[in-house]
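Protein chains in written order, with my numbering: chain C, 239 to 841; chain R, 239 to 841.
Heads up, the thing below is written out as structure tokens.
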């Protein structure tokens with residue numbers, strides 16, 4: 239499956255791949271030592287910088303082989319990523335170091351059968367005859383029993399049974415088993431990602447993403463919860479909105495894959511507590527008052543038809559277990575994908591979005607919490623903020639002047655969260671902003687500041703701002719894109735919340751910054767930020783940046799695992815039971831920590 | 239619950255009670271030895287004959303106490319039957335001789351709960367909070383989870399949960415548990431019997447019966463099966479017919495008991511294979527061709543709403559396991575009620591209806607078969623035959639002349655199956671019919687035959703007939719009721735089928751007639767026949783008549799047991815697995831036996 243990604247010159251192939259949602263193996267931490275992230279540059283090899291020397295046998299100029307962690311792109315190129323280098327390949331994910339698991343064991347599977355027809359010596363009932371072939375525990379609903387006599391006789395006593403666990407979902411008389419696909423859903427507050435998986439092979443057959451249809455009904459989870467609290471009927475409105483989004487994604491996936499909607503026989507969904515509950519039609523009102531109480535905690539399945547999904551009529555949706563408060567199924571899915579419980583050294587899992595979810599595994603314990611980061615990282619409440627979509631400035635580099643990378647190589651019309659982090663880090667480094675987040679003007683600016691940069695610090699509406707793009711700078715008619723003082727304040731609030739959350743979990747488990755072995759960044763935003771910039775503004779602890787790993791969409795990955803193996807679903811429930819939820823909403827310590835974190839750290 | 243029954247003078251109270259559907263305990267075989275069938279004659283004591291002398295301490299003229307097995311009614315009386323004398327009382331049925339079982343353990347039961355409200359120290363999810371109170375295995379459907387947040391908060395965190403096994407069916411905030419009733423259904427080809435049971439006490443709260451609405455669509459199971467084979471859409475027509483019959487019975491029961499339809503939270507149904515399958519909407523077509531194959535064999539539950547029953551919306555119907563061919567759930571239910579597997583001496587269970595179902599337990603084995611008796615015993619295909627309804631001659635005694643008992647003390651308008659058996663036996667005994675079943679006329683009749691009887695043997699339409707009631711004999715305008723030669727032929731066919739079936743099972747298990755310890759008569763017809771008359775015509779083996787016991791509606795009783803205890807449902811499946819089905823449809827031995835049985839036995 240081809241994916242295109244835009245990156246500034248000098249970006250490592252590892253990072254570029256991560257931003258395309260492809261996570262490579264980096265057991266050595268991405269320092270060119272283990273050779274696991276080997277990729278093949280099939281076109282544009284001349285645009286490659288670094289990554290070739292002294293790394294035999296992994297690198298090879300003849301074949302275009304190189305290590306993605308050290309190779310950097312200086313121009314357009316096509317890169318082929320071998321299955322063996324993928325972090326999320328079944329090989330690496332499903333075979334963990336204990337070596338116990340690893341088989342493809344989907345909950346729903348086709349099962350071929352051939353029955354002896356009834357005779358005077360064999361008058362077994364239809365149900366028993368089928369059970370004797372498929373297993374004694376096979377259960378048939380009344381609907382299935384009703385269809386059975388006709389199906390068996392119409393198919394000359396042979397065909398393919400579709401089984402969900404031991405439950406018969408359907409019978410087909412076709413000689414070849416009908417296709418069986420699953421959908422893994424990552425239901426974000428802002429974005430819904432759907433992955434189509436061929437359950438017979440585990441192969442990913444497509445990925446589609448779209449804005450959560452609920453977005454127009456409220457920016458963040460709180461506003462949507464408040465809607466339902468004010469008007470119970472809005473529960474249906476919100477459920478319908480996300481249901482329609484998912485059905486749209488399914489429609490596209492099905493069309494592109496050339497399959498039928500009824501070939502989708504299983505669905506797994508992961509999202510935060512509010513998103514999961516709204517998707518299921520469970521009232522999230524109790525998440526809108528103290529203490530925050532979710533409706534359920536265990537993973538469970540419900541009929542897809544009851545939610546209104548356009549799938550096989552008897553498909554079920556498995557909804558991930560939830561930890562508590564706002565720490566939901568997406569966090570459990572990410573824990574599952576990263577095998578967080580098996581990390582022997584202190585490991586931090588961070589998913590930054592409108593809510594920041596943080597899990598710290600250390601000293602045999604796991605603590606999870608969530609903080610309300612607000613939508614700043616997703617571009618909302620930022621004057622010219624926008625989602626990471628074409629036209630968004632997504633990366634900023636300051637030297638003598640500013641260099642920006644715009645998604646889709648388009649004319650810049652705004653900035654997304656990752657550029658916001660870049661800008662703040664760079665402004666701090668260049669002395670154009672003080673540690674309280676105040677943008678400096680005129681004689682407050684360092685005397686040695688390049689004039690181009692100096693000229694970008696201006697006033698707008700009586701407040702200082704930093705000009706990311708001047709009017710007409712990127713072509714005639716191109717709008718100005720400004721970073722305003724107010725935007726920095728929003729960033730500070732968001733950053734401080736995450737910082738305080740991480741700090742409290744570390745203190746609870748007695749983990750010093752230097753002891754952190756790994757920071758795993760999950761979620762869309764995490765994969766777009768520059769690690770060092772996130773550390774510069776205090777969003778992430780200041781560990782050596784090779785210890786900060788991009789995990790891609792770990793929630794999606796966890797959902798895929800649960801789609802491919804029943805054991806993963808049980809594992810998810812066990813993870814949920816092992817993690818302790820830390821509720822910061824009532825914690826005075828959090829308020830102190832949060833206040834302190836409003837000051838950017840020393841360089 | 240009062241029941242009225244009409245009986246000829248001289249009928250034992252035991253037999254009269256059985257005909258009212260009340261089965262008394264008779265461990266001694268009904269010979270006045272054990273005292274278990276003790277009843278109290280509260281009114282009309284003077285009309286009692288026998289049953290008082292020498293039976294102390296059980297009999298007592300002062301209190302009206304007597305033994306039902308030996309006491310005979312010579313006139314109207316009111317009899318009070320103590321719970322301890324009932325064969326079907328929970329005390330006797332649910333406590334068997336092994337003493338293991340016996341508790342009232344219904345599948346559906348209300349369960350009171352009181353939960354601590356959420357607090358900052360206790361942010362468990364709603365589902366978990368409820369599960370912690372009701373049991374960790376409690377499962378909630380999506381519908382239930384949806385209703386949960388509102389129900390818990392609306393009821394101040396307390397109320398009553400309705401549980402089916404570990405599945406939550408509903409929540410009520412009421413302080414007192416809402417009523418929970420069950421319906422036990424005996425779905426016969428001709429008649430449907432519904433019993434209303436209070437699940438909290440096991441108390442029977444009402445019984446209603448009505449003609450199976452399918453009767454107008456076909457007399458017997460075969461004609462209904464053929465309908466579906468010819469036109470698949472008729473499956474729905476037939477299902478709807480019996481569904482409507484059941485709903486009518488439920489409506490009446492609910493109204494009389496002063497409860498609501500939604501108080502009916504569980505349903506158990508037993509019937510023959512065709513009736514059970516039609517009730518469930520399972521195509522019975524394969525029962526209409528050789529080899530007869532039922533759709534299912536195991537007992538299972540399906541949603542009552544899916545069948546269309548007017549009960550609690552989430553109630554389920556448990557359908558009894560089926561043995562094979564035409565030996566269905568009613569036979570398993572009767573086996574369950576009679577604990578047939580625990581009989582140590584050879585025991586025969588016989589349910590005579592349109593189909594005769596026969597089970598023989600002997601030498602550690604159980605064999606079951608069914609024979610097509612045709613509807614003669616239920617009054618069909620008999621010129622003036624009718625069901626056991628008001629106006630039906632139900633009993634015939636021949637002495638100098640004929641004496642008849644008419645149901646409802648009404649003017650006789652026809653005869654039902656039990657009178658047919660009486661008549662045939664009496665005609666044989668009086669030499670008015672030869673052993674080939676030929677009615678005799680004029681000089682063929684014994685010379686010493688009383689003239690009144692002789693005058694009743696006439697010709698009608700060129701064939702001999704026996705006049706049960708002359709025109710105007712029972713009042714002005716009363717119609718003549720005739721027993722025709724053709725009617726005797728129908729009786730012979732029906733009798734021979736049952737006789738042959740019993741004979742083959744006995745031969746298979748090497749049981750001689752003299753070795754039969756008990757013949758248990760189940761089903762409506764069995765409880766209306768005179769044992770000695772049934773034996774006289776060869777319908778039942780010629781064992782001493784005290785070894786022939788009326789079991790009442792054993793299928794209904796089995797259904798009630800399954801309603802009151804989950805363990806009984808499992809027991810039913812085990813019984814089903816232990817019994818071997820003998821398919822006589824392809825057995826040449828049966829044809830021989832059947833032919834031979836067309837000749838009435840020697841006296």
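Where a beta carbon is used, it is the ideal one built from N, C-alpha and C, also for glycine.
Is any beta-carbon of chain C found at less than 9 Å from that of residue 581 of chain R? no
Should the stretch 449-460 of chain R be regarded as contacting the stretch 641-656 of chain R, the criterion being three or more beta carbon pairs within less than 8 Å? The stretch 449-460 of chain R makes no contact with the stretch 641-656 of chain R; the number of CB pairs closer than 8 Å stays below 3.
Cβ closer than 8 Å: which chain R residues qualify as neighbours of residue 521 of chain C? Going along chain R in sequence order, the residues near residue 521 of chain C (Cβ under 8 Å) are 384, 387, 388.
Just the chain C side, please: which residues come within less than 9 Å of residue 361 of chain R by C-beta, in chain order? 529, 530, 531, 532, 562, 563, 819, 821
Under the assumption that residue 574 of chain R contacts residue 799 of chain R (Cβ atoms under 8 Å), give the Cβ distance between them as a whole number of angstroms. Rounded, the Cβ-Cβ distance is 6 Å, consistent with contact.
Contact with chain R by residue 307 of chain C, beta-carbon distance below 9 Å: no
Inter-residue CB distance, residue 406 of chain C and residue 587 of chain C (contact presumed, cutoff 8 Å): That belief does not hold up - the Cβ atoms of residue 406 of chain C and residue 587 of chain C are roughly 39 Å apart, past 8 Å.
Is there a C-beta anywhere in chain C that falls below 9 Å from the one on residue 328 of chain R? Because the pLDDT at residue 328 of chain R is just 33, under 50, the model does not fix this residue reliably, and the value given afterwards should be weighed accordingly. Under the Cβ criterion of 9 Å, residue 328 of chain R is not counted among the residues facing chain C.
Can you check DSSP and say which residues form a bridge with residue 357 of chain C? C:360
Could you tell me the distance, in whole angstroms, from the CA atom of residue 542 of chain C to the CA atom of residue 548 of chain C? Annotation: residue 542 of chain C to residue 548 of chain C spans about 8 Å, alpha carbon to alpha carbon.
Considering only the beta carbon of each residue, do residue 544 of chain C and residue 561 of chain C sit closer than 9 Å? The Cβ atoms of residue 544 of chain C and residue 561 of chain C lie no closer than 9 Å to each other.
Per-residue burial, residue 853 of chain R [other beta carbons within 10 Å of its own, 16 or more giving buried]: Nothing can be reported for residue 853 of chain R, as the shown portion of chain R is limited to 239 through 841.
Do residue 546 of chain R and residue 514 of chain R come within 9 Å of each other at the CB atom, strictly closer than that value? Cβ atoms of residue 514 of chain R and residue 546 of chain R: not closer than 9 Å.
Measure from the C-beta of residue 545 of chain R to each C-beta in chain C and report whether the shortest distance is under 9 Å. True, the Cβ-Cβ gap to chain C drops below 9 Å.
Restricting to runs no shorter than 4 residues, where is the alpha helix (DSSP H) found entirely within the stretch 378-433 of chain C? 380-392
Taking 8 Å as the cut-off, is the C-beta of residue 576 of chain R nearer than that to any heavy atom in the ligand FMN? Looking for the ligand FMN in the displayed structure turns up nothing, as the structure carries no ligands at all.
DSSP state of residue 349 of chain C mapped onto helix, strand, coil: The answer is strand: DSSP assigns residue 349 of chain C an E or B state.
Assuming residue 770 of chain C is part of the alpha helix (DSSP H), what are its boundary residues? Residue 770 of chain C -> alpha helix (DSSP H) spans 769-774.
Taking Cβ-Cβ distances below 8 Å as the criterion, which residues of the stretch 655-686 of chain C are in contact with chain R? none
Inter-residue Cα distance where the pair is residue 823 of chain C and residue 490 of chain C: Taking the straight line joining both Cα atoms gives about 40 Å.
Pairs of beta-carbons, one from the stretch 697-704 of chain R and one from the stretch 596-604 of chain R, closer than 8 Å: are there three or more? no
For chain R, check one thing: does any of its Cβ atoms lie closer than 9 Å to the Cβ of residue 784 of chain C? no
Taking the C-alpha atoms as reference points, what is the distance between residue 247 of chain R and residue 311 of chain R? 6 Å
By a C-beta neighbour count over all protein chains shown, 10 Å radius and 16 as the cutoff for buried, is residue 835 of chain R buried or exposed? buried
Distance cutoff 9 Å, beta carbons only. Does residue 541 of chain C sit that close to anything in chain R? yes
I need the boundaries of the beta strand (DSSP E) containing residue 485 of chain R, first residue and last residue. Note, residue 485 of chain R: premise wrong, no beta strand (DSSP E); alpha helix (DSSP H) at 472-495.
9 Å Cβ cutoff met for residue 570 of chain R and residue 559 of chain R: yes
Below 9 Å between beta carbons: does that hold for residue 768 of chain R and residue 841 of chain R? no
Go ahead and pull the three-state DSSP assignment for residue 444 of chain C. strand
Please classify residue 320 of chain R: is it buried, with 16 or more other beta-carbons within 10 angstroms of its beta-carbon, or exposed? By the neighbour-count rule (16 or more Cβ atoms within 10 Å), residue 320 of chain R is not buried but exposed.
Candidates R:746, R:538, R:728, R:688, of which the one nearest residue 383 of chain C by Cα: R:538
Considering Cα atoms alone, identify which of C:488, C:409, C:628, C:524 is closest to residue 552 of chain C. C:409
Contact defined as beta carbons within less than 8 Å: I believe residue 480 of chain C pairs with residue 516 of chain C. What is the distance between those atoms, to the nearest angstrom? 6 Å
For residue 785 of chain C, tell me which candidate among C:755, C:777, C:377 has the shortest Cα-Cα distance. C:755
In chain order, which continuous runs of the alpha helix (DSSP H) of length 4 or greater are located wholly inside the stretch 666-741 of chain C? Within the stretch 666-741 of chain C, the runs of alpha helix (DSSP H) at least 4 residues long that lie entirely inside it are, in chain order, 689-694.
Buried or exposed: which applies to residue 629 of chain R, given that a residue is buried once 16 or more other Cβ atoms fall within 10 Å of its Cβ? buried
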